[in-house]
Amino acid sequence: MGTTPTTKTPSLTRNALLNSMKTVMSLIFPLITFPYVSRVLGAANIGKINYSLSIVSYFALFAALGISNYAIREGAKIKRDQASLTRFARQIFTINLVSSGIAYLAFLIVVFALPDLHAYWVLLFIQSLTIGFTTIGVDWLYSIFEDYFYLSVRTIAVQFASLILMFIFVHKPSDYMIYAGISVFASSAANAWGFFHARKFCTLRPTRHVEVTRHIGPIMTLFMNNVAINIYSNAGTTFVGAMMGDVQVGLYSVAMKIYSIARQVINSLTVVSLPRLSYLSANDRKGYIALLNRLFNTIIVTCIPAAILLYALSSPIVLIISGPKYVDAIPMLQIIAFALALAAPNAFLTSAVLIPLRREKKVVISTASGAVVNIALDLALIPFFGTYAACVSIVIAELVVTVLSLAFSFDQITQLKLGTSFVHTAVGCVLIVACHMLCMRTVRIGNPIVDFLVRGGAYALVYGIALLVMRDDSLAFFLRKLRRPAKR
């Protein structure tokens, strides 16, 4: 049995930091560019770009299926067997090529069949390139081997290059096609190099021996989960737009964008742990439970204070990102902030427990239930309570998903030693709330950036000192990682 070259197992802490940085840059890049392009291109051209992008996104969703999570889970279990890994990677790559080909064929049929889309065909073609680039980028292969350094560096480098290109070439409304091309370059161009760089792990090429019956079931199940997530994430925007108008959509979108950034950063540790957990679940049961225990305690110590910080600092965050015209988004963000305390545990239960243990059908049930609850609440409450109802719906839907995911993974959670994480978190959060109330009564800072830095720094310092005094295990582990990079 062939084996892959021996390499040092990457640190999960380093991977989490790298993935957080990549996530933040991917989300911040549009925030940096939007004020400039919206002024230069005008509302009409921005509308064309966003409209065509929304159409392409549906075909991109089909092309991706549930391949990424499935490939990471199954590939991580056999990554030390070179022959098996290569055979598996070629099969997954072939399936992805076929799904992308079908997606492109359906895309062309729709574009040519619908006269309303003919005016956008050049723009649609440019933006559809992301489908092909994503397929050949094989990010799932890098995730299998936990090579997040490469993924992060290439993403950040391309985005900085794109930012420079935008300021060089986008100067007038007619440049909207150029801007669309640069946006595609920012999100996908690095994937072209990713295909060739993947040779360090295995040689990718299409194969006739795909073993479709083995792979297609779990892939389609995870695809259904991705569809449910897509519906779940966009339902609020859709119903607010239909019932409340464009202004409220803009305010709601700002709050959701900020929440999404915070959620994805907090979830980075769970995301980068999927390959390691998948490998351990198949090869080292004791190691799997040990890593699961450490990860769960870290998430508890992190997500609840993060939700409180997002609530407490909602005003300067909204003003920094969107300006005073979006001040009405502040109370919306304060409501949605509560969902952050639920989203991180839910991501843990899904990506660290259910998916590695091949319980993807349970994941679909949980996510679909959240989507149904979210849609039902939006339809019932938005006409009476406005956009705030959509914010409350997000929180309740996250609660439903978390409760169901906990029920489906309860046999694993009962094996964990929760220790004192809940107590330490509760004490630290009480101190944050007390510090916030004191600041609200005694401190008034006009500049939102200074306000964010001063109060955010003070709250984080209070929480960190509390954990340090109580000798919290998660904080101690993180500090050891900073002083001495671990081999695991």
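Residue numbering for the sequence shown follows my numbering, beginning at 283 and increasing consecutively. Every residue gets a Cβ at the ideal spot worked out from N, C-alpha and C, and that includes glycine. All of these numbers come straight from a predicted model, not from anything done at the bench.
Reduced DSSP secondary structure (H/G/I, E/B, other) of residue i
{"i": "L347", "result": "coil"}
{"i": "H706", "result": "helix"}
{"i": "E642", "result": "helix"}
{"i": "L595", "result": "coil"}
{"i": "A365", "result": "helix"}
{"i": "F483", "result": "coil"}
{"i": "N729", "result": "coil"}
{"i": "V635", "result": "helix"}
{"i": "S691", "result": "coil"}
{"i": "P488", "result": "coil"}
{"i": "T289", "result": "Interpretation of T289 is limited by its pLDDT of 48, a score under 50 that renders its predicted location unreliable; the figure taken from the coordinates is listed afterwards. Correct three-state label for T289: coil."}
{"i": "L698", "result": "coil"}
{"i": "E680", "result": "helix"}
{"i": "K454", "result": "coil"}
{"i": "R753", "result": "coil"}
{"i": "A768", "result": "With a pLDDT of only 43 at A768, under the threshold of 50, the placement of this residue in the model should not be trusted; the figure read from the coordinates follows. Coil."}
{"i": "I543", "result": "helix"}
{"i": "A468", "result": "helix"}
{"i": "G463", "result": "helix"}
{"i": "E493", "result": "coil"}
{"i": "G668", "result": "coil"}
{"i": "I360", "result": "coil"}
Pair within 9 Å by beta-carbon distance, residue i and residue j
{"i": "V583", "j": "D754", "result": "yes"}
{"i": "A342", "j": "T416", "result": "yes"}
{"i": "P500", "j": "L323", "result": "no"}
{"i": "V646", "j": "A517", "result": "no"}
{"i": "L573", "j": "L559", "result": "yes"}
{"i": "Y561", "j": "K361", "result": "yes"}
{"i": "L486", "j": "F375", "result": "yes"}
{"i": "A613", "j": "P730", "result": "First, the residue type needs correcting, since residue 613 is Pro and not Ala in the sequence shown. No."}
{"i": "L347", "j": "N473", "result": "no"}
{"i": "F449", "j": "I460", "result": "no"}
{"i": "P557", "j": "I354", "result": "yes"}
{"i": "L367", "j": "C484", "result": "yes"}
{"i": "I664", "j": "A626", "result": "no"}
{"i": "V393", "j": "W403", "result": "yes"}
{"i": "N575", "j": "L698", "result": "yes"}
{"i": "V677", "j": "L624", "result": "yes"}
{"i": "L773", "j": "V536", "result": "Look at the range of the chain in this structure, 283 to 770, and you will see that residue 773 is not part of it."}
{"i": "S687", "j": "N628", "result": "yes"}
{"i": "M752", "j": "V705", "result": "yes"}
{"i": "I337", "j": "L406", "result": "yes"}
{"i": "L411", "j": "V466", "result": "yes"}
{"i": "F477", "j": "I418", "result": "yes"}
{"i": "I314", "j": "W422", "result": "no"}
{"i": "L533", "j": "T552", "result": "no"}
Proximity to residue i [Cα-Cα], best of the options
{"i": "S675", "options": "P598, G414, Y424, S651", "result": "S651"}
{"i": "A468", "options": "I446, K454, R481, A572", "result": "I446"}
{"i": "T495", "options": "Y340, F483, I377, A672", "result": "I377"}
{"i": "P638", "options": "L720, V380, I426", "result": "I426"}
{"i": "V655", "options": "Y741, A671, R641, E642", "result": "A671"}
{"i": "L631", "options": "F692, A611, R490", "result": "F692"}
{"i": "F389", "options": "L367, Y340, S434", "result": "Y340"}
{"i": "A621", "options": "I413, I586, P665", "result": "I586"}
{"i": "Q530", "options": "V635, Y352, D610", "result": "D610"}
{"i": "L387", "options": "A345, D421, Q409, R640", "result": "A345"}
{"i": "R723", "options": "I413, S515, V635, R737", "result": "R737"}
{"i": "R490", "options": "V380, V709, G710, H400", "result": "V380"}
{"i": "Y570", "options": "T702, A634, T707", "result": "A634"}
{"i": "A544", "options": "G532, T503, G605, I618", "result": "I618"}
{"i": "I498", "options": "Q373, K539, D566", "result": "Q373"}
{"i": "V440", "options": "W475, Y514, H453", "result": "W475"}
{"i": "D398", "options": "G419, S334, E356", "result": "S334"}
{"i": "V554", "options": "Y424, A588, A365", "result": "Y424"}
{"i": "N579", "options": "L735, C717, Y432, I695", "result": "I695"}
{"i": "A689", "options": "R641, T669, I603", "result": "R641"}
Exercise for review: Please go through the region 396–461 and give each complete alpha helix (DSSP H) segment of 4 or more residues, from N-terminal end onward.
Suggested key: 403–419, 421–426, 430–451
Review point. Which runs of the alpha helix (DSSP H), 4 residues or longer, sit entirely within the region 550–612?
Key: 550–565, 567–594, 596–604
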